[in-house]
Every structure is written in structure tokens, then in C-alpha cells.
Amino acid sequence: MDWRKTQLIFILTLLILNIFLTVIFFTKQLSDDPDTLGNETLEERLKADNITHPELSSKPTSGAIFTTERAAFTPKDVSDLTGQSLTLKDNNKQIFSVLQSPVKAGKKGNNPEFQKFLETEVYRGESYEFWDYDKEAQTLTFNQLINNNMVLFDEAGQITFYLDEDDRVVSYEQTWMSKQDDLKEKTNLMSATDALEAVYQHGELKQDSDVVSATFGYYTTVQLPSGNVYFPVWCFEVKHSGKINYVLVNAKDEQVINQSENKTTTEQGAELSSRQKTK
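The numbering of the sequence shown is the working numbering, which starts it at 177 and goes up by one.
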């Protein structure tokens with residue numbers, strides 16, 4: 177037996193094994209190093225997970241925290257509204273109206289006939305903006321604007337238009353929120369891009385998701401004797417496996433709220449392209 181040859185083979189085998197183990201060790205260190213992971217941009221991480229999104233602004237937005245409450249309507253508020261039979265309900269805090277003649281609205285409420293009706297025959301109709309079309313319920317939902325941005329997921333400032341089979345408005349219910357009182361001065365807030373990154377880091381974006389839209393608005397989870405407290409949020413509409421999910425981010429402290437609606441794509445019925453998009 178050639179001992180020197182055997183010894184050489186043994187040394188080479190150990191050397192190769194050490195090199196192999198060293199490569200594995202440094203590869204693991206590299207993958208576990210947060211600084212290395214941090215070098216990847218948000219776009220690179222989203223692309224790796226096959227997550228798509230619309231163009232988003234990286235400029236900070238601004239907004240204020242305020243209180244407001246659901247207001248009562250007066251007979252004078254509705255006295256000039258024609259072509260409909262009006263009833264005040266819920267201690268005068270809700271208008272219920274039945275139209276004498278249906279008004280063509282379409283799935284996004286952008287029909288000229290409907291737009292004229294909204295502006296002239298609905299109490300402060302210009303202060304509401306299209307939010308959703310529900311094919312199954314045959315409704316259009318419009319949200320009230322405060323500080324030029326929508327109040328989100330709140331029946332206190334909303335109009336629900338009920339449609340017939342031809343997408344014509346036959347009746348509606350309306351609520352209104354009174355003048356707000358700012359709790360803090362208007363301040364700079366996170367951008368839409370930063371908010372999307374917060375959602376991603378929070379684990380709310382699954383692989384193969386499509387971020388359909390980003391909307392800046394106001395949301396409440398706090399009730400006070402002086403009214404509900406509304407804080408500025410970014411709202412992302414996310415589509416995954418045929419379902420729609422809404423994820424909100426507090427635009428000031430990055431707190432993430434999953435406001436799941438679990439609507440299928442067909443139930444959504446229409447793209448929400450006429451919503452207020454990123455600013």
C-alpha cells in the first residue's frame with residue numbers, strides 16, 4: 177500500500193470538505209445578515225414575491241387628526257330636493273329617499289345624468305365621492321369627503337344608492353358628518369411608498385398579490401364624548417386568489433390594520449379607478 181499516496185488523498189479530501197463547509201457557513205451568514213437583506217429595495221422584494229402595484233408617490237403627504245360626529249338633518253336641509261319622496265329616520269340622522277323616476281348611474285356613478293342629480297338633488301352631494309359598486313347587492317357607495325379626502329369604512333358619512341337591473345338609481349340612504357374639530361395641527365405624514373413597505377414588512381402582502389389601488393383618507397377606532405377620533409391612513413386594496421382585501425396603515429405611526437372585506441373579484445363588479453388615488 178502506497179502510504180504517501182493515501183495520505184495525500186486524505187489531506188485533499190479534508191481540504192475539499194473544509195472549503196465546502198466554509199462556503200455553507202458564509203452563505204448562511206450572508207442570508208441571515210439583516211444589513212445584507214436591507215440592501216434589497218422594496219421593488220426587488222416585491223418583484224421576487226410577484227407582487228404588483230400601481231405607480232406610487234414617494235413624497236410625504238399631510239393630514240390632521242380630528243373629531244366629528246354623525247349629524248342630524250333638518251327639514252330645511254331637504255326642502256329644496258325635488259323629484260323624490262324623502263323621509264328622515266334614526267332621529268333625523270339618516271335620509272331615506274325614493275326617486276319618482278329612476279336615474280341612470282352606471283357601475284361607477286359617472287353617468288352625466290347621475291352626476292347632475294348628485295350635485296343638485298342630493299344634500300351636499302358634491303361632498304361625496306365614489307367608493308364601491310356591489311354587483312350582488314346592486315348598490316353604489318359614496319363616501320363623504322373631509323379635508324378633501326374620503327372617510328373610509330364608516331356608515332356615519334356615506335350614501336348608499338340602490339339600483340335596479342339596469343343600473344338606475346331608484347332610492348338611496350344618506351348620512352352626514354358635521355364640521356370637524358382638529359385635535360392636532362396638520363403635519364407631514366408618510367408617503368404611499370413608505371406605507372406600502374410597512375404593509376409588506378407586516379406580512380399582509382402574500383405572494384402573487386396585486387395591489388389594485390392606494391387611497392389616502394381618514395379612519396376611526398376611537399370614540400369620545402365629543403365625537404369619534406379620525407386619523408389619517410393609507411388604504412391599500414389588495415387582490416389575491418380572486419378575493420379583495422383592504423389593508424390600512426396609520427400614516428403617522430405606521431400601525432397596520434387589516435380591514436378585510438373578502439369580496440370576490442366578480443362581486444367587486446368594477447375597477448375602482450375613479451377613487452381618489454395617491455397624492
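All C-beta atoms in this analysis are idealised placements derived from N, C-alpha and C, irrespective of residue type, glycine included.
No experiment lies behind these values; they were computed from the predicted model shown.
- By alpha-carbon distance to L359, the top candidate from P408, T336, V298 and V375 is P408.
- V346 and Y394 have their alpha carbons spaced roughly 29 Å apart.
- Here DSSP, grouped into helix, strand and coil, assigns S303 to helix.
- For R221, the uninterrupted alpha helix (DSSP H) segment begins and ends at L218 to A224.
- When the beta-carbon positions are compared, M353 and Q320 come within less than 8 Å of each other.
- One alpha carbon belongs to A224, the other to G418, and they sit about 21 Å apart.
- DSSP places I192 within a helical segment (H, G or I) once states are collapsed to three.
- Of all C-beta pairs linking the segment 365-375 to the segment 293-301, fewer than three are shorter than 8 Å, placing the two stretches out of contact.
- For T243, the closest C-alpha among the options N404, I420 and T363 is that of N404.
- With contacts defined by Cβ atoms closer than 8 Å, V327 and A374 do not form a contacting pair.
- Counting C-beta atoms within 10 angstroms of its own C-beta, N426 has 16 or more neighbours from the protein chains shown and is therefore classed as buried.
- Taking 8 Å as the cut-off, the Cβ atoms of F249 and I271 count as close.
- D386 and D429 have their C-alpha atoms some 25 Å from each other.
- Scanning its chain for C-beta atoms nearer than 8 Å, with the 5 sequence neighbours on each side dropped, one finds around A240 the residues N323, D358, L359, K360, E361, K362, T363 and P408, in chain order.
- Residue burial annotation: S273 is buried, with at least 16 other C-beta atoms found within 10 angstroms of its C-beta.
- The shortest C-alpha to C-alpha distance from Q276 to any of N268, H229, Q383 and L257 is the one to L257.
- In the same chain as Q260, and ignoring 5 residues on each side of it, the C-beta atoms closer than 8 Å to its own belong to S273, V274, L275, Q276 and E297, in chain order.
- Between K280 and N267, the alpha-carbon positions lie close to 31 Å from each other.
- Residue ranges of uninterrupted beta strand (DSSP E) with 3 or more members, entirely inside the segment 338-421 and ordered along the chain, are 344-350, 363-365, 386-400 and 403-416.
- The beta-carbon distance between F318 and G285, rounded to whole angstroms, is 7 Å. This is short enough to meet the 8 Å contact definition.
- Listed in chain order, the non-local C-beta contacts of E295 below 8 Å within the same chain comprise G301 and E302, local neighbours out to five positions each way being set aside.
- When C-alpha distances from S389 are compared across Y406, R221, K265 and E231, the shortest belongs to E231.
- Y348 is not a Cβ neighbour of Q314, given a cutoff of 8 Å.
- When the Cα atoms are used, Y422 and T336 turn out to be separated by approximately 19 Å.
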